[in-house]
Amino acid sequence: MQADEKTISYVANLAALHLTQEEKEHYSRDLVAIMNYMEELMAIDTGDVQPMEHVLSIRNALREDVASNTDMRDKLLAVAPKTEEGCYLVPNVVE
Amino acid sequence: MELHQMPVYVLAEKLKKKELGARELTQAYLNRMQTFQPEVNAFITVTEEKALAKAEALQKMLDNDQGGSLAGVPMAFKDNMCTEGVRTTCASHMLENFIPPYNATVVERFQSAGTISLGKLNMDEFAMGSSNENSFFGPVRNPWNGEKVSGGSSGGSAAAVSAGLAPFTLGSDTGGSIRLPAAFCGVVGMKPTYGAVSRFGLVAFASSLDQIGPLTSNVKDCALVLDTLMGYDPKDSTSANVVHEACFPAVTQGVQGMKIGLAIEYFGAGLNEEIKASVYGAVKALENAGAISGECSVPATEYGISAYYLLSSAEASANLARYDGIRYGHRSEAATDMQELYRFTRGEGFGREVKNRILLGTHALSSGYHDALYVKALKVRRMIHDDFAKAFETYDILVSPVSPTTAYKIGEKTADPLQMYLGDVYTVAVNLAGLPALVVPCGVDAQGMPIGVQLIGKPFSEKKLLQAGYAIEAALGQLVSPMASQLLKQAEGSARI
Amino acid sequence: MNHEIVIGLEIHAELRTASKVFCSCANEFGVEPNRRTCPVCLGMPGTLPVMNKKAVSYAIKAGLAMNCTISSFSKMDRKNYFYPDMCKAYQISQFDLPFCRDGYVEIEIDGQKKRIGIERIHLEEDAGKLNHDPFAQGTLVDYNRCGVPLIEIVSRPDMRSPEEAKLFMEAVKEILEFTGVSDCKMQEGSLRADVNLSLRPYGQKEFGTRTEMKNLNSLRAVLRAGYAEAARQEAQILAGKNIPQETRRWDDNKGESFSMRSKEEAMDYRYFPEPDLVPVVINDAWLEAVRKELPELPQARRVRYQETLGIPAYDATLLTSTIQIADLFESAADICGNAKAASNWIMGEILRRMKEQEEESLEPGISGPQLGTIIVLVEKGEITQTSGKKLLDTVIGTEVDPNVLVDRLNLRIQRDEGAITAVIAQVLEKNPQAILDYQAGKGKAVGFLMGQAMGMLKGKGDPGQVKAALEEKLKAL
Ligand SMILES: [Mg+2]
Ligand SMILES: [Zn+2]
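Below, the structure is given as structure tokens:
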């Protein structure tokens, strides 16, 4: 892969990660080494093998539509860094 | 025998028979912690007061012949299992002060069983690591040699048991995170079948691979703890709705006629000779006890590292996206707008290796690479799964080393993530295939560091793995770390029965 | 327009379940901020989703009602992007295996029926709400809506005018309401649409470059935004400019739209299968159970009302405005055996009373048997029309049998000849002038005297009988 800085910047942006210039450089180095190692995957003939996202054979793990109104708001808000008027506070979101 | 050297099943018995008090036992562990915790750094949080209060309450129940199966037994949770009212950090600056308002299902299960939590155990940040050096709270030191790593990511869980700081602990295993530290610290560790243990309240690293398991000083304890741990949980859609037969009563049933497979891929180049010899020694022990061994092959496991690091990082990149400084956890003070709040919070809150995995995983899922990396890895995963299934048509258990080397020096591999990843070569395939695997100590190397053997089974064959593990332990003996052999001076309150 | 307009719609509808889609928080609108949140819908560390079975059944139901094929095997996926209204920074949605695909909905335009194709219907979770408080140092986030089940209905680009888009949206709304899958309260945001629109020269097969207009909250907005966007695009084309593929936001107050992001900036959502959930297999038994719950849809009912009950088209449309009204009509018509009368009573009396109510409700407050009974009483001449309305007022909101009430309120028509004769005698005695008028040939006098007589009979007299008796008496004078 090209783990050049442009790729790192693109990916860091998708992941909403702030990276310093120095960080960009070393992640770029690390990722190049890792991706080079992973080149081995390209050589495997996976033919018509179906992707396996889960080993489980469980299907339909469903719950009944029952509402349980345990109001935990205050307990939950207490964990938040910034709140106001029962809401979570974030910087102005410009739409 | 010292209290801290007693097996869990003995402690539970003695507590029930009132030959031992819950408070006395808890205090004995807390006393040891005073001396040894600063040396090993196994705990992130020690909940001394809560533990003593709980011991008091449980003693009252024990006095009335009440309490669960493990009433009064101290233990500790890896710090990625949510504990209501006790901070759960995942060894990350991001969650340094996070106190969950809810419990993980496993925490509830052990509370019902009557255990006493001593605190929360050190780990690699968000369980990403193989040496426990990626902790915001500093590395865990190996109780066998303080200059060496404990293994990771459940380093605190393994070291605490190894150092005699807890009778048993819980860890989590995504790619070897229970088994590797168990081997490095000379304790018993089990990664159960995917779906056997609830993941609710386990802070997710890679959802399709994560599984909680026990770390104990001996195989019988492992079985006993597993019997409390396993079970269906409607709060976890990936939890298997099956009835688990009790393991503990069946541990000593022997291995007569059991078919043991040695996969050639696990004994190739790169494996330390001492470890190879030691693992063969364990195989010999099984044969002596009546098992039959033979060679087999699981060729696709050769690609395990690549597939594992792509898939686990891909899932992690989404699982860790929720840490944004809005609802809980660290929030950057420097941010002036929404984009900065995200980017700075995450940039400041996550450590180096976590960022590395997020970048790798985001890349693997991103447009243009999704099929070549993520989907390809999913296909390799199926191949690995099928290879194991084929081997298990012939064999009951596969035997392998846990790691190519024994515990290495702290700092030795930190500069090179790839070298660190390659240390997981024998463990990751088990997670990709969702299989159970048990690690049992089987010797020490020339430097006196423990060696473990890995027993891999078919889905839900934990009982059989424990029977084989017990046979090895019976033949080769338990390992006791120098730190566990070290007693406190009388003045420090060492208790003896 | 010199160009043909091509429109496709993506409609998001909140499902009317009791609880959210992945946790047991109540699915309620209008509650204090964050009172309907829990660790699961807040995506707190370690928490896991568990899928609401009813939400799946509702998605299937919507699919069946829109003639879709229901997938026997489906799964959920993660759609990754950062936005403060979304707790996990991914939305659990469906990517390649939605519950429903390849359906259609019929609309009627200029008297012609037209099928609008449905590409897919998938299930996903709604996000929270951002409130811009001028007094707060930022934006306030309320996650009550976070995790409310949504279906996204994706149409094919089969509409050729904003009018068709509006009709399609109406048809979908009606189906969702009739099936009970969604309450479709557009003002509460429980039904919203994205409009994909492009232009092409008439006769050209290939589509032009489309733009996507996000989050239109009313039928009127769909119509206005559609026309405005078509006009904007045509102006661009006529000016020789390209239409860039982009996402735009409609400002309903200003009546114009603004570019949000171009194709180049398009989000890289990194979809992948949700590992915290397992696949959903919909077997025949489940499918049939849902199919059994499907009510007859409004379009079919309108046809039946016209063809077999003889109801005019306009009336049939009014009677199918909601399933409550349609069901009331059918039940009342069935009881009284007179569909025309049932229709008249509902359109004249019930709908008016519902409109006058202070609190908006879909419930007419009266059952089919109750209304049917009142109609029977009137039609049989047991009570007068006036008494019927009076009876209706008393019955609404209760479960009382009108038959019982008729006697309790003493509403039955007065047929006692003696009593009528006595009343007429009194009326004539009190109104000598009217008699003179009658004798002078002024027809109005009879009406006046009738009114007096009926008044004295408290509206219970049989008008025919009273009139006959009155005229007889007048002639005999
Ligand atoms: Mg959508
Ligand atoms: Zn909730």
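Protein chains in written order, with this note's numbering: chain A, 1 to 95; chain B, 1001 to 1497; chain C, 2001 to 2477.
All C-beta atoms in this analysis are idealised placements derived from N, C-alpha and C, irrespective of residue type, glycine included.
Same chain only: Cβ atoms within 6 Å of residue i, ignoring 5 sequence neighbours per side
i: Ala1495/B; result: Residue confidence for Ala1495/B is low, a pLDDT of 44 falling below 50, so the modelled location carries little weight; the figure read from the coordinates is stated next. If we look at Ala1495/B and ignore the five residues flanking it on each side, its Cβ neighbours are Leu1003 and Ala1028.
i: Ile1497/B; result: Annotation note: pLDDT 41 at Ile1497/B (below 50); position unreliable, coordinate value reported separately. Closer than 6 Å at Cβ, skipping near neighbours: no residue.
i: Asp1173/B; result: Lys1191, Gln1211 and Gly1213
i: Ile1456/B; result: Leu1398, Val1430, Leu1435 and Ala1437
i: Gly2043/C; result: Cys2087 and Lys2088
i: Ile2346/C; result: Phe2329
i: Arg1357/B; result: Met1128, Ser1313 and Ala1316
i: Cys1222/B; result: Val1188, Met1190, Pro1214 and Thr1216
i: Ala1282/B; result: Cys1442, Val1453 and Ile1472
i: Val1243/B; result: none
i: Pro2541/C; result: This structure leaves residue 2541/C out entirely; chain C is present only between 2001 and 2477.
Chain-ordered chain C contacts of residue i [CB-CB under 8 Å]
i: Val1504/B; result: Residue 1504/B lies beyond the range of chain B shown here (1001 to 1497); nothing can be said about it.
i: Asp65/A; result: Thr2017, Ala2018, Ser2019, Asn2052, Lys2053, Lys2054 and Ala2055
Within 8 Å, strictly: CB atoms of residue i and residue j
i: Arg2261/C; j: Thr1362/B; result: no
i: Gly1156/B; j: Met1123/B; result: yes
i: His2012/C; j: Arg2192/C; result: yes
i: Gly2368/C; j: Val1203/B; result: no
i: His1181/B; j: Asn1145/B; result: The question names His, but residue 1181/B is Pro in the sequence shown. Against a cut-off of 8 Å, the Cβ pair of Asn1145/B and Pro1181/B comes out as no contact.
i: Glu2485/C; j: Arg2412/C; result: The question about residue 2485/C has no answer, for chain C in this structure spans 2001 to 2477.
i: Gly1072/B; j: Leu1015/B; result: yes
i: Ala2228/C; j: Gly2255/C; result: yes
i: Glu1147/B; j: Lys1413/B; result: no
i: Gln2426/C; j: Ile2420/C; result: no
i: Ala1076/B; j: Ala1160/B; result: yes
i: Ala1389/B; j: Tyr1374/B; result: no
Contacting residues, own chain, Cβ-Cβ under 8 Å from residue i (five flanking each side not counted)
i: Ile1384/B; result: Val1298, Ala1300, Thr1301, Tyr1303, Gly1304, Ala1307, Ala1429, Leu1432 and Ala1433
i: Asp2251/C; result: Ser2257 and Phe2258
i: Arg2248/C; result: Thr2211, Glu2212, Met2213, Lys2214, Glu2229, Ser2257, Phe2258, Ser2259 and Met2260
Own chain partners of residue i with C-beta closer than 7 Å, once the 5 adjacent residues on each side are dropped
i: Ala1491/B; result: Low per-residue confidence applies at Ala1491/B: pLDDT is 44, beneath 50, and the placement is therefore not dependable, though the value from the model is reported in the following sentence. For Ala1491/B, where only same-chain residues beyond five positions count, there are no Cβ hits under 7 Å.
i: Ser2218/C; result: Met2186
i: Met1/A; result: Legend: pLDDT at Met1/A = 48, less than 50; position of this residue unreliable, value from coordinates given subsequently. So the qualifying residues of the chain are Met35.
i: Pro2295/C; result: Phe2178, Thr2179 and Ile2323
i: Ser1461/B; result: Pro1436
i: Gly1138/B; result: Asn1041
i: Ser1135/B; result: Ala1091, Asn1122, Met1123, Asp1124 and Glu1125
i: Tyr2143/C; result: Asn2034, Thr2037, Cys2041, Leu2042, Cys2087 and Gly2128
Any non-hydrogen atom of ligand 4 closer than 7 Å to residue i Cβ
i: Thr1414/B; result: Of the ligands this structure carries, namely ligand 1 and ligand 2, none is ligand 4.
Residues that residue i contacts on chain C, provided the C-beta gap is smaller than 9 Å
i: Leu1359/B; result: Chain C residues near Leu1359/B: none, gap ~13 Å exceeds 9 Å.
i: Ala78/A; result: What Ala78/A touches in chain C: nothing, since even the nearest Cβ is about 12 Å away.
Within chain B, the residues that residue i reaches when beta carbons sit closer than 8 Å
i: Pro2039/C; result: Pro1100, Pro1101 and Tyr1102
i: Glu25/A; result: In chain order: nothing, as chain B lies at least about 13 Å away.
Chain-ordered neighbours of residue i on chain A, where CB pairs are closer than 8 Å
i: Tyr1309/B; result: Ile34 and Met38
Interfacial residues, the region 1334 to 1349 of chain B to chain C, with Cβ spacing under 8 Å: Met1338 and Tyr1342
Chain-ordered residues of the region 1373 to 1406 of chain B with a beta carbon less than 8 Å from chain A: Leu1373, Val1375, Lys1376, Ala1377, Leu1378, Lys1379, Val1380, Arg1381, Arg1382, Met1383 and His1385
Chain-ordered residues of the region 2112 to 2145 of chain C with a beta carbon less than 8 Å from chain A: Leu2130, Asn2131, His2132, Asp2133, Ala2136, Gln2137, Gly2138, Thr2139, Leu2140, Val2141, Asp2142 and Tyr2143
Contact set between the region 2263 to 2293 of chain C and chain B, restricted to residues whose Cβ is under 7 Å from the partner: Asp2268, Arg2270, Phe2272, Pro2275, Asp2276, Leu2277 and Val2278
Residues, ordered as in the chain, of the region 1315 to 1326 of chain B that lie near chain C by beta-carbon distance below 7 Å: Glu1315, Ala1318, Ala1321, Arg1322, Asp1324 and Ile1326
Interface positions of the region 81 to 92 of chain A facing chain C (Cβ-Cβ less than 7 Å), listed along the chain: Glu84, Glu85, Gly86, Cys87, Tyr88, Leu89, Val90, Pro91 and Asn92
The region 2055 to 2065 of chain C touching the region 2098 to 2115 of chain C, judged by at least three CB pairs closer than 8 Å: yes
Meets three-Cβ-pair contact criterion under 8 Å: the region 2363 to 2379 of chain C and the region 2392 to 2408 of chain C: yes
Near-chain A residues of the region 2081 to 2094 of chain C - C-beta to any C-beta below 7 Å: Phe2082 and Pro2084
The region 51 to 58 of chain A touching the region 2109 to 2117 of chain C, judged by at least three CB pairs closer than 8 Å: no
Residues in the region 1234 to 1247 of chain B having any Cβ partner in chain C nearer than 8 Å: Pro1234, Lys1235, Asp1236, Ser1237 and Thr1238
Cβ-based contacts, 9 Å cut-off: residues of the region 1076 to 1091 of chain B near chain C: Asn1080, Met1081, Cys1082, Thr1088 and Cys1090
Members of the region 48 to 76 of chain A that neighbour chain C once the beta carbon cut-off is set at 8 Å: Glu53, His54, Leu56, Ile58, Arg59, Asn60, Ala61, Leu62, Arg63, Glu64, Asp65, Val66, Ala67, Ser68, Asn69, Thr70, Asp71, Met72, Arg73 and Leu76
Cβ-based contacts, 8 Å cut-off: residues of the region 1186 to 1218 of chain B near chain C: Arg1199, Phe1200, Gly1201, Leu1202, Val1203, Ala1204, Ala1206, Ser1207 and Ser1208
Three CB pairs or more closer than 8 Å across the region 2002 to 2010 of chain C and the region 2152 to 2170 of chain C: yes
Residues, ordered as in the chain, of the region 1424 to 1444 of chain B that lie near chain A by beta-carbon distance below 7 Å: Ala1433 and Gly1434
Contact the region 2025 to 2034 of chain C vs the region 2197 to 2210 of chain C: 3+ CB pairs below 8 Å: no
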